[in-house]
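Going down the list, the protein sequences come from chains A and B. Mapping the first sequence onto the working numbering, position 161 (from 1) lands on 161, and the numbers just tick up by one. Mapping the second sequence onto the working numbering, position 44 (from 1) lands on 1044, and the numbers just tick up by one. Below is one structure, written out as structure tokens; the observations come after it.
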Amino acid sequence: MEKLINKENSKLNAELKRIGDLINDGAPLLSLFQNVNTNSFYLFDFVDFGGTENRWLVYYVPTKELSKFIFGKISHRELLHKIPSENIFYTDIDSSLDTIEYIIQKSENYPAHYLKGNNAFFEEEDAKNLNKIYETLSLSKTPLSPYLEVVMKDENRFIHLHETGHMPVIWQEGLYVNDGEIIRFQTGHRGSPLLTALNVAGTVSVKEGCNYLQVFSKGNYNDFQNNRVPSEERVEVYSR
Amino acid sequence: MELKYSKFITGIKNCPKNCVPKSKPAYRYIHDLGNEEDFLPMSLQNSPPARILDNNDKHCMSYGISFFESAIQAREKFLHYYNKKNEELQQLYLIEKGNKIACVNITEEDGLCSETDKYGHFTFYDFINITFVDKISNLVNVIIEELGVNGEADK
Chain A
1 MEKLINKENS KLNAELKRIG DLINDGAPLL SLFQNVNTNS FYLFDFVDFG
51 GTENRWLVYY VPTKELSKFI FGKISHRELL HKIPSENIFY TDIDSSLDTI
101 EYIIQKSENY PAHYLKGNNA FFEEEDAKNL NKIYETLSLS KTPLSPYLEV
151 VMKDENRFIH LHETGHMPVI WQEGLYVNDG EIIRFQTGHR GSPLLTALNV
201 AGTVSVKEGC NYLQVFSKGN YNDFQNNRVP SEERVEVYSR
Chain B
1001 MELKYSKFIT GIKNCPKNCV PKSKPAYRYI HDLGNEEDFL PMSLQNSPPA
1051 RILDNNDKHC MSYGISFFES AIQAREKFLH YYNKKNEELQ QLYLIEKGNK
1101 IACVNITEED GLCSETDKYG HFTFYDFINI TFVDKISNLV NVIIEELGVN
1151 GEADK
């Protein structure tokens, strides 16, 4: 196992509770924890072993990046590279002990390969306690249309969507694309919609003051240009 | 017959569950020609150490031995995880899991088999005093060697 030099006074002061494993091959490889005091999320990311100990990188992961990983929009490598290396902790866990205590601290020096990450995307079949993970992240998987479901509404007014099937026609801010991730979105007050069409990796933002999201899931580009999208094809999915 | 690791699982509810004795060839990752250390349950592995984050990882299946119904299924599962790793973690994975797939002829007198999942994996709870190395009939490399028509590991 690589030798690490601990940073002084760098212990992570957080009470962490394990939620589930994003990757588990019979034993955990990438595990999701939550700070019970702040509700923020941390990952335990296996990187090395030696003697009786396994080594895990431990790092805070923003909810938005975590959801992107879970929805398959970014790889593990892309996720890890979004975390500043100075914010990465580690812990060595001795599996021979009856009682496991996490001593989580920073190192002055991480080998480059610890921070390399894996070019792998999340797959549900690799996860353990997935329902608990979804529940903790408020991932509800509300059906939105035959093609989309809402899986999470986060504190930053982002709605995270999961594609369940290919749309017959997909719009993106007036541009016709015959394949892609998301259709055109519209948010606004009831009865007076404010356009804020977005297409950001399965995530749409909802403007302050807006209280619902509508999705136009059918039609074609000419209909869109001529503002002839039948209202019955609009599905309200979001309110607060 | 008493299970070899009964002292670890007596406190686990319904463990083992829906398991029955069977005689069949079973496939498992081992190191080189194999030794009895290759047939330790995951929670009891010492070298490399068992990947345990808390006691939730010491579950019923972790006190059984993983097998597959065919060498092809064993290889598919291995590569599923192996191919997702960077080069350094791939090397650790080979050290942890092994570099060979062994065909082991288990019998009804050896232990209890769980139900087989959709990936061909089942868990085997061996009886006390059972050894495995002398039951190995075939070996193939886990990564590069071609498998036979029925997923049999060639001699």
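The C-beta atom is built at its ideal place from N, Cα and C for all residues, glycine as well. Keep in mind the model is a prediction, meaning the values are calculated, not measured.
Which listed residue (the options) has its alpha carbon closest to that of residue i
i                      : options                        : result
residue 102 (chain A)  : A:58, A:83, A:30               : A:58
residue 1136 (chain B) : B:1035, B:1069, B:1008, B:1118 : B:1035
residue 79 (chain A)   : A:38, A:86, A:109, A:116       : A:116
residue 111 (chain A)  : A:77, A:85, A:96               : A:85
residue 1055 (chain B) : A:28, A:125, A:133             : A:28
residue 1068 (chain B) : B:1089, B:1025, B:1050, B:1006 : B:1025
residue 6 (chain A)    : A:133, A:89, A:98, A:68        : A:89
residue 1075 (chain B) : B:1032, B:1119, B:1044, B:1046 : B:1119
residue 1009 (chain B) : B:1130, B:1023, B:1043, B:1030 : B:1043
residue 1142 (chain B) : B:1124, B:1020, B:1073         : B:1073
residue 993 (chain B)  : B:1140, B:1125, B:1144         : With chain B covering only 1001 through 1155, there is no way to say anything about residue 993 (chain B).
residue 67 (chain A)   : A:10, A:42, A:98               : A:42
residue 1122 (chain B) : B:1132, B:1081, B:1088, B:1070 : B:1070
residue 1132 (chain B) : B:1017, B:1117, B:1030         : B:1030
residue 56 (chain A)   : B:1089, B:1081, B:1134         : B:1089
residue 1193 (chain B) : B:1045, B:1077, B:1023         : With chain B covering 1001 to 1155 only, the question about residue 1193 (chain B) has no answer from this structure.
C-beta contact flag for residue i and residue j at 8 Å
i                      : j                      : result
residue 1065 (chain B) : residue 1039 (chain B) : yes
residue 1002 (chain B) : residue 1128 (chain B) : yes
residue 23 (chain A)   : residue 54 (chain A)   : no
residue 113 (chain A)  : residue 1086 (chain B) : yes
residue 122 (chain A)  : residue 70 (chain A)   : yes
residue 31 (chain A)   : residue 1092 (chain B) : no
residue 130 (chain A)  : residue 26 (chain A)   : no
residue 1104 (chain B) : residue 1028 (chain B) : yes
residue 1041 (chain B) : residue 95 (chain A)   : no
residue 1084 (chain B) : residue 118 (chain A)  : yes
residue 36 (chain A)   : residue 8 (chain A)    : no
residue 2 (chain A)    : residue 48 (chain A)   : yes
residue 100 (chain A)  : residue 12 (chain A)   : no
residue 1015 (chain B) : residue 1114 (chain B) : no
residue 106 (chain A)  : residue 10 (chain A)   : yes
residue 1102 (chain B) : residue 1079 (chain B) : no
residue 4 (chain A)    : residue 109 (chain A)  : yes
residue 120 (chain A)  : residue 76 (chain A)   : yes
residue 1004 (chain B) : residue 1130 (chain B) : yes
Coarse secondary structure for residue i, derived from DSSP in three states
i                      : result
residue 1100 (chain B) : strand
residue 77 (chain A)   : helix
residue 1089 (chain B) : helix
residue 1007 (chain B) : helix
residue 1129 (chain B) : coil
residue 241 (chain A)  : The structure shown does not extend to residue 241 (chain A), since chain A spans only 1 to 240, so no value can be given for it.
residue 1055 (chain B) : helix
residue 1119 (chain B) : coil
residue 1019 (chain B) : coil
residue 59 (chain A)   : strand
residue 1047 (chain B) : coil
residue 199 (chain A)  : Any answer about residue 199 (chain A) is weak, because its pLDDT of 35 lies below 50 and its placement is not dependable; what the coordinates show is given next. Correct three-state label for residue 199 (chain A): coil.
residue 53 (chain A)   : strand
residue 21 (chain A)   : strand
residue 9 (chain A)    : coil
residue 100 (chain A)  : coil
residue 1012 (chain B) : coil
residue 3 (chain A)    : coil
residue 173 (chain A)  : The predicted model places residue 173 (chain A) with a pLDDT of 30, which falls under 50 and marks its position as unreliable; any figure quoted below should be read in that light. Residue state, collapsed to three classes: coil.
residue 1095 (chain B) : helix
residue 125 (chain A)  : helix
Endpoints, beta strand (DSSP E) assigned at residue i
i                      : result
residue 43 (chain A)   : 41-50
residue 134 (chain A)  : Run containing residue 134 (chain A): none in the beta strand (DSSP E); it sits in the alpha helix (DSSP H), 130-136.
residue 93 (chain A)   : 89-94
residue 32 (chain A)   : 28-35
residue 1112 (chain B) : 1111-1113
residue 1041 (chain B) : That residue, residue 1041 (chain B), is in no beta strand (DSSP E); it is neither H nor E in DSSP.
residue 1024 (chain B) : 1024-1030
residue 1065 (chain B) : 1065-1068
Limits of the alpha helix (DSSP H) - the one that residue i falls within
i                      : result
residue 66 (chain A)   : 63-70
residue 1141 (chain B) : Counting along the chain, residue 1141 (chain B) falls outside any alpha helix (DSSP H), though it belongs to the beta strand (DSSP E) covering 1136-1141.
residue 1073 (chain B) : 1071-1082
Neighbour flag for residue i against chain C, beta carbons, 8 Å
i                    : result
residue 69 (chain A) : Chain labels in this structure do not include chain C; the protein chains are A and B.
beta-carbon residue i near the ligand ZN non-hydrogen atom, thresh 7 Å
i                     : result
residue 101 (chain A) : Looking for the ligand ZN in the displayed structure turns up nothing, as the structure carries no ligands at all.
Checklist entry - Are there three or more Cβ pairs, one per stretch, closer than 8 Å when the segment 1096-1116 of chain B is compared with the segment 1052-1059 of chain B? => result no
Item to check | Sufficient close CB pairs (3 or more, under 8 Å) joining the segment 1103-1117 of chain B to the segment 62-82 of chain A | outcome: no
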